[in-house]
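Asks:
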Amino acid sequence: LLKKGSAYYAPSASIAKMIEAIAGRTDEILPVCAWTTGQYGISDTYVGVPVRLGPGGVEEIVELDLNERELAALREAAEGIRAKCADLASL
Numbered sequence: 800l801l802k803k804g805s806a807y808y809a810p811s812a813s814i815a816k817m818i819e820a821i822a823g824r825t826d827e828i829l830p831v832c833a834w835t836t837g838q839y840g841i842s843d844t845y846v847g848v849p850v851r852l853g854p855g856g857v858e859e860i861v862e863l864d865l866n867e868r869e870l871a872a873l874r875e876a877a878e879g880i881r882a883k884c885a886d887l888a889s890l
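First residue of the sequence shown: 800, per the working numbering; consecutive thereafter.
(1) At 4 residues or longer, what runs of the alpha helix (DSSP H) sit wholly inside the segment 801-833?
(2) How would you label L873, buried or exposed, when you count the other beta carbons within 10 angstroms and need 16 or more for buried?
(3) Determine whether the beta carbon atoms of A877 and T844 lie at a separation below 8 Å.
(4) For R881, which residues from the same chain have a beta carbon less than 7 Å from its beta carbon, with the 5 sequence-adjacent residues on both sides left out?
(5) Counting contacts by CB-CB distance shorter than 8 Å, is I828 in contact with chain D?
(6) For D826, collect the residues of the same chain with a Cβ closer than 7 Å to its Cβ; drop the 5 residues on either side in sequence, then sort them by chain order.
(7) Just confirm the distance between the C-beta atoms of P830 and P854, as a whole number of angstroms; I'd bet it's less than 8 Å.
(8) Where does the unbroken beta strand (DSSP E) through L863 begin, and where does it stop?
(9) Can you tell me the Cβ-Cβ gap for I828 and T835, rounded? I've got them flagged as a contact below 8 Å.
What follows is the structure in structure tokens.
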């Protein structure tokens with residue numbers, strides 16, 4: 800992968816899409832790690848969620864209609880992130 804440059808294509812394409820959105824040229828929903836303030840029942844942690852980006856950064860966290868299993872898995876992942884951050888803070 801590294802010899803052909805393909806390992807760089809996807810990340811650079813994602814960054815280009817984010818720059819276009821931040822510049823206000825698109826209304827596309829993009830996956831990013833964003834600070835949550837109650838979306839999906841998750842607060843005060845960064846978690847991967849779909850967002851709309853704009854000149855101010857994250858303009859909106861888009862809450863998809865998740866089923867109970869998906870929502871529970873997302874919340875469990877957020878708690879795992881929170882626990883790892885607490886571990887790091889205690890070092």
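Yeah, the Cβ is synthetic: ideal placement off N, Cα and C, and Gly gets one too.
Replies: Based on what the coordinates show:
(1) Annotation note: the segment 801-833 contains the following uninterrupted alpha helix (DSSP H) runs of length 4 or greater, listed N- to C-terminal: 805-821.
(2) For the purposes of this step, residue 873 is taken as the residue at position 74 of the sequence shown. Flag for L873 reads buried.
(3) For the purposes of this step, residue 877 is identified with residue 78 of the sequence shown, where counting begins at 1. For the purposes of this step, residue 844 is identified with residue 45 of the sequence shown, where counting begins at 1. With respect to T844, A877 sits close: the two C-beta atoms are nearer than 8 Å.
(4) Counting from one through the sequence shown, the residue named residue 881 turns up at place 82. Excluding positions up to five away in sequence, the list reads T844.
(5) Protein chain content of the structure displayed is limited to a single chain, and chain D is not contained in it.
(6) Mapped onto the sequence shown, residue 826 falls at position 27. Contacts found: R851.
(7) Your numbering for residue 830 matches position 31 in the sequence shown. Your numbering for residue 854 matches position 55 in the sequence shown. Contact flag wrong, Cβ pair sits at about 20 Å.
(8) Here the question's residue 863 lines up with position 64 in the sequence shown. Segment: none, L863 is in no beta strand (DSSP E) and carries neither H nor E.
(9) Counted from its first residue, the sequence shown places residue 828 at position 29. Counted from its first residue, the sequence shown places residue 835 at position 36. Not really, about 16 Å apart at Cβ, beyond 8 Å.
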